[in-house]
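*Asks:* Per our numbering, residue 3 is the first one in the sequence shown, and the count goes up by one each step. Glycine included, C-beta positions come from ideal geometry on N, C-alpha and C. Sharing a structure, written as C-alpha cells. Questions coming.
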Amino acid sequence: MIWMLPAVIGLTACNGGSSSVSSDKEEALKKAVTPYVENTVVATYSKMADAGIILMEQTAAILDKVSKDEDYSALMVQADESWRLMRKHWEQSEAFLYGPAGAHNIDPHIDSWPLDFNAMNALLHDAERMAQIEEEGGSYVGDKLGYALKGFHAAEYLLFESVIEDGRAVGTGRPHAANLTHAEAVYLNAIVEDLTQQAILLEYCWAGEVSQAKMQILEEGEVDVFEDQYGWQMINAGEKGSIYKTYQEAAEEIIAGAIDIAGEVADLKLGNPYISSTAAERDYIESPYSCTSTLDFVDNIISIQHAYCGAKEGDESLSNYVKSQDEQLDTNVRKAISEAIQAIQAIENFESTAKNNPKVKEAIDKVAALEEILDDEVLPLLSK
3 MIWMLPAVIG LTACNGGSSS VSSDKEEALK KAVTPYVENT VVATYSKMAD
53 AGIILMEQTA AILDKVSKDE DYSALMVQAD ESWRLMRKHW EQSEAFLYGP
103 AGAHNIDPHI DSWPLDFNAM NALLHDAERM AQIEEEGGSY VGDKLGYALK
153 GFHAAEYLLF ESVIEDGRAV GTGRPHAANL THAEAVYLNA IVEDLTQQAI
203 LLEYCWAGEV SQAKMQILEE GEVDVFEDQY GWQMINAGEK GSIYKTYQEA
253 AEEIIAGAID IAGEVADLKL GNPYISSTAA ERDYIESPYS CTSTLDFVDN
303 IISIQHAYCG AKEGDESLSN YVKSQDEQLD TNVRKAISEA IQAIQAIENF
353 ESTAKNNPKV KEAIDKVAAL EEILDDEVLP LLSK
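Here it is as C-alpha cells:
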C-alpha cells in the first residue's frame, strides 16, 4: 500500500549479483525463479484482474438499478465480496511491488491512502465534472483524478457503510445501505473500471499477454500498455534484453521485495496506528471502511510466504535453495512467517483498538523479526 505519494520504485534489479555466480547455484535459483513468475506473480495478478472484471460488472448493474430507482441491496452485498476478493489478491502481491507496480505508478494509482474525504464530497456535488465522469468512466478517473480520489479505498468508501464522527468517516464493515445517490453510483462504477484496468495492466506487464476480453477492456479504456515483458526478463536472467545479469540478482530482488513489505507492515501499517500520537498516524488505517485491515496484513505476510516458499504446492522455491545451504535457517524463516501471521490474527477490532494495544505491539515485533531474518540472513546467503 502507498500512503500519500511516496517515491516511485524504478524498474531496476538489485545490485548485489555477480556475473561470476557458479553454474550450480544459477541452475538451482533458475528452478525457483521460473515458477515464482508463473505461479506466484502472474497467477496472483490474473486472479486479481478476474475479480475486478466481476466487480466492474456488478457496479455497472448497481448504477443501472440506482438510475431506475430499483433495489440493489443484493448486488451491493455481492460487490462487497468481489471487492474483498480483489483486495485479497492485491495484498498478496505486495511482496513484488518492484517492476511494473512501481515503475508505472500502478501501486500509488490504486492503493494510495488516506482517501481525500472532503475532495471526494466536493467532486460528487460538482455537476459538470460528474457529467464528464458519467460519459468517460474509468478513463476520466485514471487520467484526471489524483491518487487520493481513486483506487481501492475510494471504492471501499462507497461500497461499505460508514458514519461521521468528529468530521471523520468511520467504517462499520457492513455493505453500504441502499441509499446511494446517482452521483455516487456513477463515481463508484468509474473508479472500479479504472481499478480493473490497472489490475489487467499489471498482469499484462508481467505475463506479456492477457486474454482477448481483458485486452479489449484495456483498449476501451484507452490505457497505455507497457511492453515490459517483466516475467520474461526474470525467467531469462543473463539473456540479451533482461535487466538481470544472473538468477542470483533475480533471487535477491524477490527477497528484497519481501523485506520491503515486511518493513512496511511493521513500521507503518501496524506501527503508525499503534503509536497514533498525531492525526496522520491516527488516520493511518489500512482498510477503515470495510474493517478488513488485519486481513490485509495477513495477506501481506502470505505474499512473503509465497515469494519464499512458492504459491503452488510442489513448486521449487527459494526455500528449497536456502534449505540446501542452511536447513536451520530455512526452518527459522518458515517459523517467523507463521508466527507473524498468528500474531496479526490475534488482534481484534484493529480499526478501533490499535493505539497502545499490546497485541498490536506483539504483531509488530513478530513482523519485524521476519524482516530481520530475511535481511540479515537470507539475503546475505543468496549473495555469497
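With a cut-off of 8 Å, do at least 3 Cβ pairs link the segment 28-48 to the segment 67-84?
*Replies:* Judged by Cβ distances under 8 Å, the segment 28-48 makes no contact with the segment 67-84, as fewer than three pairs qualify.
*Asks:* Residues in its own chain within less than 8 Å of R131 by CB, not counting five upstream and five downstream?
*Replies:* On the sequence shown, residue 131 is found 129 positions in, with the first residue counted as 1. Result list for R131: L125, in chain order.
*Asks:* In chain order, what residues of the same chain have a beta carbon less than 6 Å from the beta carbon of D378, not counting five sequence neighbours either side?
*Replies:* Numbered from its first residue, the sequence shown carries residue 378 at position 376. Excluding sequence neighbours, D378 sits near nothing in its chain.
*Asks:* Starting from K363, follow the alpha helix (DSSP H) in both directions and report where the run begins and ends.
*Replies:* Start at 1 with the first residue of the sequence shown, and residue 363 comes out as number 361. Counting along the chain, the alpha helix (DSSP H) containing K363 begins and ends at 360-375.
*Asks:* Excluding the 5 residues flanking V43 on each side, which residues of the same chain have their C-beta closer than 7 Å to its C-beta?
*Replies:* Stepping through the sequence shown from its first residue, residue 43 is reached at position 41. Excluding positions up to five away in sequence, the list reads F98, W208, G233.
*Asks:* Using a 10 Å radius around the Cβ and a threshold of 16 neighbouring Cβ atoms, would you call N181 buried or exposed?
*Replies:* Mapped onto the sequence shown, residue 181 falls at position 179. Per the 10 Å Cβ criterion, exposed.
*Asks:* Check whether the Cβ atoms of I366 and G265 lie closer than 8 Å to each other.
*Replies:* In the sequence shown, the residue the question calls residue 366 occupies position 364. In the sequence shown, the residue the question calls residue 265 occupies position 263. No. Outside cutoff.
*Asks:* Need the endpoints of the alpha helix (DSSP H) that Q390 sits in, please.
*Replies:* Any property of residue 390 remains undetermined from this structure, which presents the chain solely from 3 to 386.
*Asks:* Output the residue ranges of the alpha helix (DSSP H) runs that lie fully inside the segment 315-367 and measure 4 residues or longer, sorted by chain position.
*Replies:* Runs of the alpha helix (DSSP H) inside the segment 315-367: 320-327, 329-347, 352-355.
*Asks:* Residues in its own chain within less than 8 Å of Y74 by CB, not counting five upstream and five downstream?
*Replies:* Locating residue 74 in the sequence shown gives position 72, where the first residue counts as 1. If we look at Y74 and ignore the five residues flanking it on each side, its Cβ neighbours are A63, I64, K67, V68, A180, L182.
*Asks:* Compute the distance between the beta-carbons of A187 and L376, then report whether it is under 8 Å.
*Replies:* Here the question's residue 187 lines up with position 185 in the sequence shown. Here the question's residue 376 lines up with position 374 in the sequence shown. Result no, Cβ atoms of A187 and L376 do not sit closer than 8 Å.
*Asks:* Relative to the alpha-carbon of Y189, which residue among L204, Q200, E137 has its alpha-carbon at the smallest distance?
*Replies:* Residue mapping note: residue 189 aligns to position 187 of the sequence shown, counting from 1. That would be E137, whose Cα lies nearest to the Cα of Y189.
*Asks:* Are the beta-carbon atoms of I287 and E353 separated by less than 8 Å?
*Replies:* Numbered from its first residue, the sequence shown carries residue 287 at position 285. Numbered from its first residue, the sequence shown carries residue 353 at position 351. Yes; because the gap between Cβ atoms is below 8 Å, this pair is in contact.
*Asks:* Roughly how many angstroms separate the alpha carbons of V10 and I108, rounded to a whole number?
*Replies:* Working through the sequence shown from its first residue, we reach residue 10 at position 8. Working through the sequence shown from its first residue, we reach residue 108 at position 106. With a pLDDT of only 30 at V10, under 50, the local geometry of the prediction cannot be trusted, and no value is derived from it.
*Asks:* In chain order, what residues of the same chain have a beta carbon less than 6 Å from the beta carbon of L381, not counting five sequence neighbours either side?
*Replies:* Along the sequence shown, one-based indexing puts residue 381 at 379. The residues are I257.
*Asks:* Under the rule that 16 or more other beta-carbon atoms within 10 Å means buried, what is K178, buried or exposed?
*Replies:* Against the sequence shown, residue 178 aligns to sequence position 176. Residue identity check: residue 178 is His in the sequence provided, not Lys. H178 comes out buried.
*Asks:* What residue range does the alpha helix (DSSP H) around L160 cover?
*Replies:* Translated into positions along the sequence shown, residue 160 becomes position 158. Where L160 is concerned, the enclosing alpha helix (DSSP H) stretches over 154-161.
*Asks:* Do the segment 104-119 and the segment 146-155 touch if we need at least three Cβ pairs shorter than 8 Å?
*Replies:* With the cut-off at 8 Å, the segment 104-119 and the segment 146-155 touch.
*Asks:* Any idea which residues DSSP pairs P177 with across the strands?
*Replies:* Residue 177 sits at position 175 when you count from the first residue of the sequence shown. Paired residues: F162.
*Asks:* Taking 7 Å as the limit between beta carbons, can you name the residues of its chain near L197, skipping five residues before and five after?
*Replies:* Taking the sequence shown and counting its residues from 1, one reaches residue 197 at position 195. G54, I112, G153, F154, A157, listed in sequence order.
*Asks:* Helix, strand or coil: how does DSSP classify V35 here?
*Replies:* The residue given as residue 35 occupies position 33 in the sequence shown. Correct three-state label for V35: helix.
*Asks:* Note down the Cα distance separating L372 from V335, rounded to an integer number of angstroms.
*Replies:* As a first step, residue 372 is located in the sequence shown; it is residue number 370 there, counting from the start. As a first step, residue 335 is located in the sequence shown; it is residue number 333 there, counting from the start. Each residue's Cα considered, the two are about 7 Å apart.
*Asks:* Work out the CA separation of I193 and A121 for me, nearest whole Å.
*Replies:* Numbered from its first residue, the sequence shown carries residue 121 at position 119. Numbered from its first residue, the sequence shown carries residue 193 at position 191. Going by the C-alpha atoms only, they are around 15 Å apart.
*Asks:* Using alpha carbons as the reference points, say which of E221, Y159, F119, I343 lies closest to V267.
*Replies:* Along the sequence shown, one-based indexing puts residue 267 at 265. Of the candidates E221, Y159, F119, I343, the one whose C-alpha sits nearest the C-alpha of V267 is I343.
*Asks:* Return yes when the Cβ of L77 is within less than 8 Å of the Cβ of Q60, no when it is not.
*Replies:* Start at 1 with the first residue of the sequence shown, and residue 60 comes out as number 58. Start at 1 with the first residue of the sequence shown, and residue 77 comes out as number 75. Cβ atoms of Q60 and L77: closer than 8 Å.
*Asks:* Could you pull the start and end residues of the alpha helix (DSSP H) that I193 belongs to?
*Replies:* Numbered from 1 along the sequence shown, position 191 holds the residue referred to as residue 193. Segment 184-209, the alpha helix (DSSP H) holding I193.
*Asks:* Check for me: the alpha helix (DSSP H) holding T294 runs from which residue to which?
*Replies:* By 1-based counting over the sequence shown, the position of residue 294 is 292. Looking at the DSSP string, T294 is not in any alpha helix (DSSP H), and its letter there is neither H nor E.
*Asks:* With 16 as the cutoff for other CB atoms within 10 Å, does V332 come out buried or exposed?
*Replies:* Working through the sequence shown from its first residue, we reach residue 332 at position 330. Per the sequence presented here, residue 332 reads as Asp, with Val not at that position. Buried, because 16 or more other Cβ atoms sit within 10 Å of the Cβ of D332.
*Asks:* Sort K363, A105, H308 by Cα distance to L1 and report the nearest one.
*Replies:* The displayed coordinates of the chain run from 3 to 386. Any statement about residue 1 would go beyond what the structure contains.
*Asks:* Checking 8 Å against the spacing of the C-beta atoms, do S95 and G175 come in under that value?
*Replies:* The residue given as residue 95 occupies position 93 in the sequence shown. The residue given as residue 175 occupies position 173 in the sequence shown. Cβ atoms of S95 and G175: not closer than 8 Å.
*Asks:* Between K90, G240, V212, which lies nearest to V227 when the distance is taken from Cα to Cα?
*Replies:* Position 225 of the sequence shown, counted from the first residue, corresponds to residue 227. The option with the nearest alpha carbon to V227 is V212.
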